[in-house]
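Under our numbering, the first residue of the sequence shown carries the number 14, and numbering increases by one thereafter.
What follows is one structure encoded as structure tokens, with my remarks underneath.
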Amino acid sequence: MNSSNKRFRSFGTRRLKPLLEDLGEIISRKRLRRLMREYDIKAITKRAYRPRTTDSRHDLPIAPNRLDRDFTAPAANRVWCGDITYLRCGSGFVYLAVVLDLYSRKIIGWSVSRRMHTRLVNNALKMALAMRGRPTGVIFHSDRGSQYASSEYRKLLVDNKLVASMSRKGDCWDNSPVESFFTSLKKESYLHALMNYHQIRNEIFEYIAVFYNRQRPHSWMDGSSPENFEIKLQPLNKCA
């Protein structure tokens with residue numbers, strides 16, 4: 014890690030300290046704060062862009078809210094959360110659907126497309142199922158968008174013995190762990206509006222698979238990355 018790495022440009026002392034300790038540099042936050050002032054290193058912040066990607070104006074079946082804002086899970090593969098966001102690119106917009114394991118905040122599935130259709134969320138879930146060994150009994154929480162309420166998506170959940178859960182109408186706080194991930198992605202990645210579709214796909218892969226899951230310290234896990242958190246505390250616990 015070095016001061017020119019843009020992925021860390023929004024990090025303050027709280028997140029930089031465990032990263033430095035992983036590299037063998039033991040330092041207090043007080044001294045780190047002093048060094049950052051001395052070298053004029055400042056955490057860059059910007060307002061997160063939160064586009065509307067949920068159309069709940071439909072008559073499709075709605076699942077109950079099984080989480081009720083309890084964003085904890087006793088083990089991996091107990092609760093997964095999914096959502097969609099979109100990103101500007103040179104040719105318009107690119108849509109990203111993800112699946113997050115609530116236990117470790119690890120992104121276990123994602124899909125990128127030029128269109129916000131049901132196939133987008135289907136592909137993200139199929140990737141998560143493949144990566145996690147197809148566990149059953151997992152609660153899958155999402156918003157009430159037409160993609161997640163569609164008959165095709167509901168069938169995918171039933172066929173894989175997953176339990177649907179949905180947020181209250183128009184309440185983004187009911188799925189805040191995924192919203193938080195999207196905010197981090199837009200602040201810390203190299204994504205920008207001049208990229209083309211293929212460049213954005215590649216950067217999303219680099220951010221999720223290389224940086225976020227493996228390296229990025231998370232305050233929820235005492236500064237561990239999602240993968241390190243799962244490795245340190247317990248092996249994957251597949252639901253029976």
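Every residue gets a Cβ at the ideal spot worked out from N, C-alpha and C, and that includes glycine.
For Val92, the uninterrupted beta strand (DSSP E) run begins and ends at Val92 to Cys102, by DSSP. Here Asp83 is exposed. Its C-beta has fewer than 16 other C-beta atoms within 10 Å.
Distances from the CA of Leu113 to each of Thr98, Trp93 and Ser238 were compared; the closest alpha carbon is that of Trp93. Separation of the CB atoms of Leu73 and Ser155 is rounded to 12 Å, and the pair is thereby denied contact status at 8 Å. Within the same chain, Cβ atoms closer than 7 Å to the Cβ of Leu207 are found at Gly103, the five residues on either side in sequence being excluded. Ranking Pro77, Leu45 and Val111 by CA distance to the CA of Tyr225 puts Val111 first. Judged by DSSP in its simplified three-state form, Leu207 adopts coil rather than helix or strand.
Each of Phe194, Glu240 and Ala177 was checked against the Cα of Tyr99, and the nearest Cα belongs to Phe194. Rounded to the nearest angstrom, the Cβ distance from Ile217 to Val151 is 24 Å, too far for a contact under 8 Å. Boundaries of the alpha helix (DSSP H) harbouring Leu246: Pro239 to Leu246, taken from the DSSP string. The shortest C-alpha to C-alpha distance from Ala141 to any of Gly122, Leu48 and Ala177 is the one to Gly122.
Of the other Cβ atoms in all chains shown, fewer than 16 fall within 10 Å of the Cβ of Lys43; this residue is therefore exposed. Judged by DSSP in its simplified three-state form, Val151 adopts coil rather than helix or strand. The beta carbons of Ile40 and Leu32 sit no closer together than 8 Å. Between the alpha carbons of Ser237 and Arg229 lies a distance of about 7 Å. Val176 is not a Cβ neighbour of Gln160, given a cutoff of 8 Å. In the three-state reduction of the DSSP assignment, Leu45 falls in the helix class, which pools H, G and I. Spanning the alpha carbons of Trp186 and Met234 requires a straight line of approximately 20 Å. Between Asn78 and Ser180 the beta-carbon gap is near 6 Å, inside 8 Å, which marks them as a contact.
Excluding five sequence positions before and after Asn136, the CB atoms of its chain that fall closer than 6 Å to its own CB belong to Ser124, given in chain order. When DSSP states are grouped into helix, strand and coil, Ala137 belongs to the helix group. If you draw a straight line from the Cα of Phe106 to the Cα of Ile75, it is about 28 Å long. Taking the CA atoms as reference points, Val171 sits about 12 Å from Leu138.
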